[in-house]
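See structure below.
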Amino acid sequence: MIAASLPVQRSPFSRLLVVDAHGCIAHRARTHVVDVLRAGDLVVANDAATLPASLHGIHRPSGAEIEVRLAGRASLAPDDVHRFTAVVFGAGDFRARTEDRPLPPPLAPGDRLALGPLPATIEALVDHPRLVSLRFDGTAAEIWDGLARHGRPIQYSHVPTALALWDVWTPIAGVPAAFEAPSAGFVLNWEMVRAMHARGIAFVTLTHAAGISSTGDTDLDRRLPFDEPYRIPKATAAAIRRTKTARGRIVAVGTTVVRALEDAAGDDGIVRAGDGVATQRIGPASRLRVVDAILSGTHEPGSSHYELLRAFMHDATLRRAGVELEAYGYRTHEFGDSVFIEKRAQRHVVATRSQAYSCRNHPATATQAGLRKSGDLCARELWSSLRSPALPS
Amino acid sequence: MELHGLRIAVTGGTSGLGLALVRELLGRGAHVAFVARTHDDVERVAREHPGAHGIVGDVSKKDDIYPIALQIAGRLGGLDVLVNNASSLGPTPLALLADTDCEDLEVALATNLLGPFRLTKALLGALAASAREGRGAVVLNVSSDAAINPYPTWGAYGASKAALHHMTRIWNEELGTEGIRFLSLDPGDMDTPLHAVAVPDADPATLKLPAASAREFADAIAAALPAHAALSEHQGART
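Line by line, the protein sequences are chains A and B. Numbered by the working numbering, the letters in the first sequence go through residues 1 to 393 in order. Numbered by the working numbering, the letters in the second sequence go through residues 1 to 239 in order.
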């Protein structure tokens, strides 16, 4: 896919690839995303604002220039800003590809760092020479002030201009907790929220400390996502219960929402309000207890985000979606286009519809360009999925 | 009326009405963050008011808005009430509009209109989240009778405050469905540094005390919030 290189959250030309529960694929203008929702749905978004988590400075023992990217924190408590997990880079900045960045000097516990107005100490290496636990000096007030003055949003070379906080805060951003933008939420604006209300679609939020998406190091990237704290308001947990009872769909805006909700759900599938830390990895073997559909950016196979999508849909369908994304010139990364993927229909649901099910008649995919091709492919895949022994029951 | 546990931010919080509001709100049990331009003033007020969160920033500067919003939402862990109080008179001594430099009008608009607009927009997500959680959300924009009446020599101030007043009414229409209330309130002629610059020969005895206006504003905030808002502090606790 093409990398979206302009920091525009809501381009009028953004696209939306829709994959319904039966594997039918359609293309839509993303500005019409509300049209793929229906009355009774509950949309859950991540309202975390993005921290200026990239801090340039000096590694005191060597005098070397470094960039520290904050990547983890134990809780969302306002005063809990002294200790962070962080990835350390050598000299340079986002203009170089992450994987081409020079390594930092050898790091050791006790090393002092001068990060602009923020002095810090490396407390420990976390099983990797570039992953550290660091502790800032000073009061919580001084640390917030230092982050506000010195920190920059974490960014990557596919966006060549320096980002400001307003580029990476979604319109619904509230408590600063995310290390990188929960960018699926770039889709949203207040008009859209209003349109949801008008159509009987409820909108709620949770706060999840979305972590970094890439470190430029294969070993470290394999460990992503790191543990991420989240907070689920009572009103959100209650809305999920109501929606589940009324058989509405829970639509997650972004992978972070899936991760928080599935972590907060007990074996009974009931989401509890309160604070938690998401430690699980969601992939093809995961059973989704809460979320019925995801609105997300476009993701490349191999990334942890793509693995999470595999919990929703068969690999064959995702591969076919990937082909469509390429064929239709979708853009990827945080400012790119989006996908809407329903959780695959379970065997008994599919069976009642039989092989006569047609994407042509499905409201989510009808009347769209490219329909005939998608519809034909859908029917074939439906057959194979009916015969597949791997389907969950 | 108590405001126990509510998270409230006040701009222009180191003098005049803003400082009186910081005191009044702290006295009612609120968690208060205040914003002002001068580092030393912020330090002093924070030192004199333990528990208040001082933030250095200039709401008239575009580049300061997100760092301010980051610290407000970060240090309070969310936001229930925003008071856009920081104001600029425009040219001082006050001048006829015909004698007002464009640059002075721009400063008044940047402080009194664009600043509150930008800061409100940056904090709207936090405010809406509070409203959804049943705590309510209020934006109080400090207005003036100069926003309504055409007083000669108050052109830059009056025009910018009139625009803020009208913007407040539109915000209120548009975001009522999200549960965010917008208030535009006139505190009256008070004995404040701003008034002293505007009307140097005014007799302080004829002016309202800022503390009196602060009490009225705190009452108005409490009245605009849901009755149980102050009780729901432990929203985040796992149940």
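For glycine and all other residues, C-beta sits at the position ideal for the given N, C-alpha and C.
Residue contact check for B:L82 against chain A: no CB pair falls below 8 angstroms. Under DSSP, B:L185 takes part in a beta bridge, and its partners are B:V142. Within chain B, the residues placing a beta-carbon under 7 angstroms from that of A:L165 are Y66 and L70, ordered along the chain. With a threshold of 16 other beta carbon atoms within 10 Å, B:A9 meets it and is buried. Taking a cut-off of 8 angstroms on C-beta distances, the stretch 63 to 77 of chain B touches the stretch 169 to 186 of chain A, as three or more cross pairs fall below it.
Under the criterion of beta carbons closer than 8 angstroms, A:T98 and A:G216 qualify as touching, at roughly 3 angstroms. Remark: C-beta atoms of A:G146 and A:L118 approach each other more closely than 8 angstroms.
For the set A:V159, A:A148, A:E191 and A:P12, the Cα lying nearest the Cα of A:L165 is the one of A:A148.
Annotated three-state conformation of A:H158 is coil, per DSSP. Per DSSP, B:I221 is one residue of the alpha helix (DSSP H) stretching across P210 to A224.
In terms of Cβ geometry, A:H333 and A:H158 form a close pair [threshold 8 angstroms]. The count of Cβ pairs closer than 8 angstroms, one atom from the stretch 334 to 346 of chain A and one from the stretch 9 to 29 of chain A, reaches three, so the stretches are in contact. Two segments are said to touch when three or more pairs of C-beta atoms, one from each, lie closer than 8 angstroms; by this definition the stretch 171 to 181 of chain B touches the stretch 135 to 146 of chain B.
For B:A202, no beta strand (DSSP E) run applies, since DSSP gives it neither H nor E. Around the C-beta of B:H53, 16 or more other C-beta atoms lie within 10 Å, and the residue is accordingly described as buried. Judged by DSSP in its simplified three-state form, A:S296 adopts strand.
DSSP, read as helix, strand or coil, puts A:N46 in strand. Not a single C-beta of chain B is nearer than 8 angstroms to the C-beta of A:K244.
Secondary structure remark: continuous beta strand (DSSP E) runs of at least 3 residues inside the stretch 22 to 95 of chain A, in chain order: 25 to 29, 42 to 46, 54 to 59, 64 to 72 and 83 to 89. The Cβ atoms of A:S296 and A:V339 lie closer than 8 angstroms to each other. Leaving aside the five residues that flank B:A202 on each side, the residues in its chain whose CB is nearer than 7 angstroms to its CB run, in chain order, H195. The C-alpha of A:G185 lies about 12 angstroms from the C-alpha of A:L206. C-alpha of B:K61 to C-alpha of A:A96: approximately 31 angstroms in a straight line. Looking at the backbone, the Cα of A:V18 and that of A:H197 are separated by about 22 angstroms. If the five residues before and after B:S160 are omitted, its C-beta is found closer than 6 angstroms to the C-beta atoms of A108, L109, N112 and L113, all from its own chain and listed in chain order. The distance from the Cβ of A:G151 to that of A:L55 is about 6 angstroms, consistent with a contact at the 8 angstroms cut-off. Cβ-Cβ separation between B:T92 and B:V59: approximately 19 angstroms, too far for a contact (criterion under 8 angstroms). Considering only A:G40, A:T50, A:L318 and A:R130, the residue with the shortest C-alpha distance to A:S183 is A:T50. Closest by C-alpha distance to B:R118, out of B:N149, B:N84, B:A131 and B:D101, is B:N84. Residue burial annotation: B:L19 is buried, with at least 16 other C-beta atoms found within 10 angstroms of its C-beta.
Annotation for A:D221: S214 and T215 place their beta carbon closer than 7 angstroms to its own, counting only its chain and skipping 5 residues before and after.
In the pairwise beta carbon analysis, the stretch 107 to 114 of chain A is classified as not touching the stretch 251 to 271 of chain A: fewer than three pairs are separated by under 8 angstroms.
Under DSSP, the beta-bridge partners assigned to A:R112 are A:T121.
In this structure, B:V32 keeps its C-beta atom at 8 angstroms or more from the C-beta atom of B:I55.
Collapsing the DSSP output to three states places A:L16 in a strand. Pairing B:I65 with B:A122, the inter-Cα distance amounts to about 8 angstroms.
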